[in-house]
Amino acid sequence: MAATVDYRALAQFRFELRTFLAFSEEGARKAGLTPQQHQALLGIKGFVEPGPPSVGDIARFLLIRHHSAVELMNRMAKLGLISRVTDPEDGRRVQLKLTAKGEQKLQAISKKNIEELRRAASPALRRLLRSSPQPGEP
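If you read the sequence shown in my numbering, its first letter stands for residue 1354, the second for the next number, and so on.
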């Protein structure tokens, strides 16, 4: 027997997701960033592997080609949002880190995004958000 698909729930979820994404993209623009730059900052800050991410890691996170990520990282470095550091264990690998300016912009956008998620979220997501620290907290 085939499972019943709840199209109404799927449509509502998609609407809420796109509404939040539009809110987040507008927040990035108001902070002087493109949405892709904001997503890259978030990807660098939230990277979970040992050590800082590489350009390839961020390309995978953003679902873009490596050469596009290189160009994006070049622009972000010129804006003072990120720095590149040679991996001390593998001199061929370049690691990406946020600068103080990048941290500040990400923290400001993330705070507003968390507030919006808390305001507009379903009860289950609200419980999850309440248990999460604010941006900038350990």
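Note that CB positions come from ideal geometry on N, CA and C, so glycine has one too.
Next on the checklist: Since LYS1458 and LEU1434 should fall inside the 8 Å C-beta cutoff, what is the C-beta to C-beta distance between them, to a whole number of angstroms?
Outcome noted: With 8 Å as the limit, LYS1458 and LEU1434 qualify as a contact, their Cβ atoms being about 7 Å apart.
ask   = Is the distance from the Cβ of GLY1373 to the Cβ of ALA1473 below 8 Å?
value = First, the residue type needs correcting, since residue 1373 is Phe and not Gly in the sequence shown. Yes, they are a contact pair.
Supposed contact pair LEU1449 and PRO1405 - C-beta distance, whole angstroms, cut 8 Å: About 6 Å; that satisfies the 8 Å criterion.
Counting Cβ pairs closer than 8 Å, one from the stretch 1423-1432 and one from the stretch 1462-1470, do we hit at least three? No, they do not touch.
**Item:** Spatial neighbours of ASP1440 in its chain, beta-carbon cut-off 6 Å, leaving aside the 5 residues before and after
**Value:** Only ARG1446 and GLN1448 meet the Cβ criterion.
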